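Everything on this sheet refers to the single structure shown next.
Protein chains in written order, with my numbering: chain A, 20 to 231; chain B, 154 to 385.
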């Protein structure tokens, strides 16, 4: 099994030097710990926060927090050297216009055709949409990082989502605690198994075919 | 007639029942705190509130909800806003939740004289239900309409007497766009500077989008989720 930290570390390996990346709320935020910070030559990884930062840095040192510098989860953050602030229209021009190289998002369900459901559970309390639908529809590439099964044991990787969709056909790759899998249209293709996890276990806990 | 007003009460002149009001802020960050508090005391009701979050932790716009002066809300995220959850549960407020990029683009269109636009966001989801979906170059897009309001209540870091504005960090968010989409934009600025103090190249929002300015030097600046790391 991959621990949450190992999932985040594995996700970080998917990111190219110089990339602009948006990290969703929850598990995806852990990925930041494994990313190279922006470098003086403009390389490294540049984190975009949809409330209006390109070049988001780590949490501030105790006592340095600024209530007017927050991330999209409304937590206090910092801005890296070379970072910029902008309004929400510019932010979503970046997101929807394909100027974010990769978004790493959490999920409630992912289908074999890449449909993503990550904003509402039927009958559950509606938390809202926020930037999720725009990130899902507009990012150049979508990586999902999630537990392989839900808390109730039901598969999150399914043939077809029955939760309300965030976007259709957008997910490229999924990193779970059991494996790294690609969306294959007729099922999921295993790219990599977590330590001590068998293909049979992945097959058993996936609600869609595992294909070659 | 000067745009600069002596008080928040004066800055809200003409506000009446049934008004639609855009309020800047990402959660509580960047709220026009004094203007929001003044509307709660004003007496106007049946308001339509257009704002990303409609308050949180019982603060900011959550006070409007508790006072029962809001009839309708257009927002993008509810999250931990228990006041809004309660209003949705008992049906006392008509709440419409839309994607954040669509939310800001609808206001951008409203301010820019564009009636509507086609966006890929929301295609194949509940957001597209009942709306025209059209294919362009092999991809589907949903038609969204422009959004305007009677008032925009926004906070800026600096303003000059013509209403030229500079914002600070992530307090900017939706505010400059809302300013373009409202009939009357009221700015609560931390600092009122003299005309010419802002370099022309450094103005974030030109003064033609601003009708009223009021200086408010004290702000609560609530942190919703304080996160820090230990010093090395």
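Using N, Cα and C, we set each Cβ at its ideal position, and we do this for glycine too.
Treat the numbers as computed from the prediction; the structure is a model and nothing was measured.
Taking the continuous beta strand (DSSP E) assigned at residue i, which residues delimit it?
i, result
"residue 344 (chain B)", "335 to 345"
"residue 272 (chain B)", "269 to 272"
"residue 75 (chain A)", "72 to 76"
"residue 198 (chain A)", "198 to 202"
"residue 247 (chain B)", "247 to 250"
"residue 304 (chain B)", "302 to 312"
"residue 289 (chain B)", "286 to 289"
"residue 296 (chain B)", "292 to 298"
"residue 193 (chain A)", "192 to 194"
"residue 226 (chain B)", "223 to 228"
"residue 365 (chain B)", "365 to 368"
Under 7 angstroms Cβ to Cβ from residue i, same chain only, skipping five residues before and after it: list those, please.
i, result
"residue 252 (chain B)", "229, 274, 275, 280"
"residue 387 (chain B)", "As shown, chain B starts at 154 and ends at 385. That puts residue 387 (chain B) outside it, with no answer to give."
"residue 234 (chain B)", "206, 207, 208, 209, 215"
"residue 62 (chain A)", "36, 37"
"residue 348 (chain B)", "313, 314, 315"
"residue 185 (chain A)", "135, 136, 137, 138, 151, 152, 155"
"residue 225 (chain A)", "174, 176, 207"
"residue 170 (chain B)", "197, 198, 199"
Going by Cα to Cα distance, which pick from the options is closest to residue i?
i, options, result
"residue 147 (chain A)", "B:385, B:333, B:379, B:232", "B:232"
"residue 204 (chain B)", "B:374, B:237, B:194", "B:237"
"residue 298 (chain B)", "B:305, B:379, B:286, B:325", "B:286"
"residue 88 (chain A)", "B:356, B:198, B:225, B:321", "B:321"
"residue 66 (chain A)", "A:83, A:99, A:93, A:59", "A:99"
"residue 300 (chain B)", "B:186, B:266, B:260", "B:260"
"residue 71 (chain A)", "A:61, A:41, A:107, A:49", "A:107"
"residue 222 (chain A)", "A:207, A:129, A:59", "A:207"
"residue 172 (chain B)", "B:155, B:225, B:381, B:162", "B:225"
"residue 133 (chain A)", "A:64, A:39, A:201", "A:201"
"residue 399 (chain B)", "B:180, B:188, B:326", "The requested residue 399 (chain B) does not occur in the structure, where chain B is confined to residues 154 to 385."
"residue 204 (chain A)", "A:217, A:177, A:165, A:131", "A:131"
"residue 382 (chain B)", "A:79, A:101, A:60", "A:79"
"residue 175 (chain B)", "B:318, B:182, B:327", "B:327"
"residue 162 (chain B)", "B:191, B:376, B:183", "B:191"
"residue 105 (chain A)", "B:244, B:183, B:306", "B:183"
"residue 240 (chain B)", "B:256, B:221, B:258", "B:221"
"residue 125 (chain A)", "A:101, A:20, A:49", "A:49"
"residue 168 (chain B)", "B:196, B:266, B:284", "B:196"
"residue 324 (chain B)", "A:74, A:117, A:90", "A:90"
"residue 143 (chain A)", "B:242, B:266, B:311", "B:242"
In chain order, what residues of the same chain lie with their CB nearer than 6 angstroms to the CB of residue i, ignoring the 5 residues before and after it?
i, result
"residue 368 (chain B)", "342, 345"
"residue 365 (chain B)", "156, 158, 164, 339"
"residue 192 (chain A)", "162, 201"
"residue 127 (chain A)", "136, 137, 182"
"residue 335 (chain B)", "175, 302, 304, 305"
"residue 309 (chain B)", "318, 320, 340, 342"
Residue i lies in the alpha helix (DSSP H); which residues open and close that run?
i, result
"residue 244 (chain A)", "The requested residue 244 (chain A) is not part of the displayed model; chain A covers only 20 to 231."
"residue 243 (chain B)", "235 to 243"
"residue 23 (chain A)", "23 to 31"
"residue 162 (chain B)", "161 to 164"
"residue 262 (chain B)", "253 to 265"
"residue 212 (chain A)", "Note, residue 212 (chain A): premise wrong, no alpha helix (DSSP H); beta strand (DSSP E) at 207 to 212."
"residue 219 (chain B)", "215 to 220"
Within its chain, find whatever has a CB closer than 8 angstroms to the CB of residue i; leave out the 5 residues flanking it on each side and keep chain order.
i, result
"residue 172 (chain A)", "none"
"residue 219 (chain B)", "211, 236"
"residue 269 (chain B)", "262, 296, 297, 298, 299"
"residue 153 (chain A)", "69, 111, 114, 115"
"residue 77 (chain A)", "51, 96, 97"
"residue 198 (chain A)", "167, 209, 210, 211, 212, 213, 216, 221"
"residue 271 (chain B)", "287, 289, 294, 295, 296, 297"
"residue 25 (chain A)", "213"
"residue 448 (chain B)", "The first residue shown for chain B is 154 and the last is 385, placing residue 448 (chain B) beyond what the model contains."
"residue 337 (chain B)", "167, 303, 304, 305, 364, 365"
List in chain order: all unbroken beta strand (DSSP E) runs of 3+ residues lying wholly within the segment 89 to 134 of chain A. 97 to 104, 121 to 124, 128 to 130
Listed from N- to C-terminal order along the chain, which residues in the segment 83 to 103 of chain A have their beta-carbon within a distance smaller than 9 angstroms of any beta-carbon of chain B? 83, 84, 85, 86, 87, 88, 89, 90, 91, 92, 93, 94, 95, 96, 98
Residues of the segment 143 to 158 of chain A in Cβ contact with chain B at a cutoff of 9 angstroms, in chain order, please. 144, 145, 146, 147, 148, 149, 150, 151, 152, 153, 154, 155, 156, 157
Unbroken stretches of the alpha helix (DSSP H), 4 residues or longer, contained in the segment 172 to 199 of chain B: 186 to 195
Length-filtered (3 minimum) beta strand (DSSP E) runs lying within the segment 142 to 190 of chain A: 161 to 164
Members of the segment 157 to 190 of chain A near chain B, C-beta cut-off 9 angstroms: 157, 183, 184, 185, 186, 187, 188
Interfacial residues, the segment 104 to 119 of chain A to chain B, with Cβ spacing under 9 angstroms: 104, 105, 106, 107, 108, 110, 111, 112, 114, 115
Name the residues in the segment 230 to 242 of chain B whose C-beta lies less than 8 angstroms from a C-beta of chain A; which are they? 230, 231, 232, 238, 241
Taking any Cβ of chain B, which residues in the segment 54 to 74 of chain A have a Cβ under 9 angstroms from it, in chain order? 68, 69, 70, 71, 72
Runs of beta strand (DSSP E) lying entirely within the segment 32 to 71 of chain A, each at least 3 residues, in chain order: 39 to 42, 65 to 68
Chain-ordered residues of the segment 198 to 224 of chain B with a beta carbon less than 9 angstroms from chain A: 205, 206, 209
Output needed in chain order: residues of the segment 335 to 368 of chain B with a Cβ under 9 angstroms from some Cβ in chain A. 357, 358
Residues from the segment 169 to 183 of chain B in contact with chain A, defined by Cβ distance under 9 angstroms: 179, 180, 181, 182, 183
Near-chain B residues of the segment 194 to 224 of chain A (beta-carbon distance less than 9 angstroms), N- to C-terminal order: none
The segment 318 to 329 of chain B: which residues have C-beta closer than 9 angstroms to a C-beta of chain A, in chain order? 320, 321, 322, 323, 324, 325, 326, 327, 328, 329
Going along the segment 275 to 288 of chain B in order, which residues come within less than 7 angstroms of chain A, judged by CB to CB distance? 275, 276, 277, 278, 279, 280
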